[in-house]
Amino acid sequence: MAGWLAVPYLDLPTWLTPAQRGTVVALAERNDAAHGDELLGLVLSGSAARDLATGLSDLDVMVVLTDRAAADRSTEKSQEVDEIVEAWSDLTTVAPFGTEYWWYRWSYAWAPVLLDRTGGALADAVRRQATLSPDEADAVLVDHDRLDGWLNFAYRALKNDRDGRAVEARLDAAESVPWLLDVVFAMAGRVRPYNKYLPWELREHPLEGWAADDLLGLVQRTLDGDASAVRETFARVRTACTAHDRRRGHTRTTDMVDGWGRELAIFDGTGG
6 MAGWLAVPYL
16 DLPTWLTPAQ
26 RGTVVALAER
36 NDAAHGDELL
46 GLVLSGSAAR
56 DLATGLSDLD
66 VMVVLTDRAA
76 ADRSTEKSQE
86 VDEIVEAWSD
96 LTTVAPFGTE
106 YWWYRWSYAW
116 APVLLDRTGG
126 ALADAVRRQA
136 TLSPDEADAV
146 LVDHDRLDGW
156 LNFAYRALKN
166 DRDGRAVEAR
176 LDAAESVPWL
186 LDVVFAMAGR
196 VRPYNKYLPW
206 ELREHPLEGW
216 AADDLLGLVQ
226 RTLDGDASAV
236 RETFARVRTA
246 CTAHDRRRGH
256 TRTTDMVDGW
266 GRELAIFDGT
276 GG
């Protein structure tokens with residue numbers, strides 16, 4: 006049955022402007038009229054979802070439909086809003102790390118659910134997209150080598166720095182950063198945010214053991230090719246691995262680090 010949707014049924018963030026609220030209400034009423042009960046919900050994403058919109062930002066609204074209704078729709082874009090059609094089966098399917106849709110998962114992180122006609126199942130699915138199960142976290146860290154990959158780039162950066170290759174050291178240090186961010190967010194059970202939202206997420210949703218300014222400072226110094234930042238980060242990652250393994254009841258991440266053997270001496274400046 007269509008036509009019953011009204012503003013009280015929408016849970017709109019307080020920071021939306023009157024114009025943005027009007028756009029969302031119009032979109033909701035249009036989709037309710039078109040799909041009735043096959044409209045399962047609406048989710049706000051993008052900058053507006055995190056209260057970071059500027060005068061140049063549009064709205065990103067995910068229109069969650071039954072699979073049957075979604076099959077006849079595609080994403081529609083205008084100057085004011087991107088109306089992104091999402092089939093229920095796609096929303097409830099969690100893409101593994103490294104697959105085509107993995108990177109899309111963070112778009113659901115901290116995304117306000119504007120309408121949920123599923124009795125909470127939609128809100129649960131949104132949260133699940135942006136979080137990692139313990140097994141997923143281990144897969145990111147170990148099976149997909151993000152921890153070992155970060156160590157590799159960090160090690161190479163320090164070797165280049167030791168040998169007086171400043172440009173090469175800076176390049177390897179910079180390449181280590183995406184791997185590092187995958188590591189620290191995976192240990193927290195979260196999908197790494199898009200770069201645009203990294204400072205916002207660290208400040209609004211802090212990571213245990215990684216104060217926002219501390220991690221952002223280490224990242225900036227690493228990007229600048231600062232070898233001391235790489236060494237400081239290694240010490241903190243090693244501590245985090247110990248805590249992660251204790252929580253998980255295994256030694257997989259500490260074993261991976263310890264497997265580097267005497268090569269680790271370069272991280273305390275005594276070898277390599």
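Quick note, this note's numbering runs 5 ahead of the 1-based positions in the sequence shown. Note that CB positions come from ideal geometry on N, CA and C, so glycine has one too.
For residue j and residue i, the rounded distance between their alpha carbons
i    : j    : result
C246 : K201 : 27 Å
S138 : A144 : 10 Å
D87  : L64  : 6 Å
R257 : R251 : 10 Å
H40  : W93  : 14 Å
T259 : A162 : 21 Å
D218 : V182 : 16 Å
T59  : P18  : 16 Å
N165 : T238 : 17 Å
R243 : P198 : 22 Å
Q25  : A126 : 26 Å
M6   : A135 : Below a pLDDT of 50, predicted positions are generally treated as unreliable, and M6, at 44, falls in that range; the measurement from the model is reported next regardless. Distance between the alpha carbons of M6 and A135 is about 32 Å.
A54  : W111 : 12 Å
S79  : G51  : 18 Å
E81  : A38  : 17 Å
N- and C-terminal bounds of the beta strand (DSSP E) containing residue i
i    : result
V86  : 86-92
G279 : Because residue 279 is not part of the residues shown, which for the chain are 6 to 277, the question remains open.
S50  : 44-50
Per DSSP, cross-strand counterpart(s) of residue i
i    : result
M261 : DSSP, once it has assigned bridges, lists no residue as partnering M261.
R195 : T136
L207 : BP columns for L207 are empty, so no partner.
L212 : W215
K82  : D87
V69  : G46, E91
Cβ pair residue i, residue j closer than 8 Å
i    : j    : result
V30  : L47  : no
A191 : L228 : no
E209 : A193 : no
E34  : A74  : no
A130 : T97  : yes
V262 : L156 : yes
P204 : L223 : no
R133 : L45  : no
R226 : A234 : yes
V188 : R151 : yes
F272 : R241 : no
R170 : G230 : no
Y160 : E268 : yes
L119 : L207 : no
Start-to-end residues for the alpha helix (DSSP H) that takes in residue i
i    : result
D72  : 72-75
N157 : 151-167
L223 : 217-228
A248 : 232-253
P18  : Careful: P18 lies outside any alpha helix (DSSP H) and carries neither H nor E.
G27  : 23-40
beta-carbon residue i near the ligand GTP non-hydrogen atom, thresh 7 Å
i    : result
T256 : As for the ligand GTP, it is missing from this structure, which has no ligand bound.
Short CB-CB distance (under 8 Å) between residue i and chain B
i    : result
L152 : Given the protein chain composition of this structure (a single chain), no chain B is represented.
Practice task
Entirely within the region 93-122 and at least 3 residues each: give me those beta strand (DSSP E) ranges in chain order.
Solution key: 118-121
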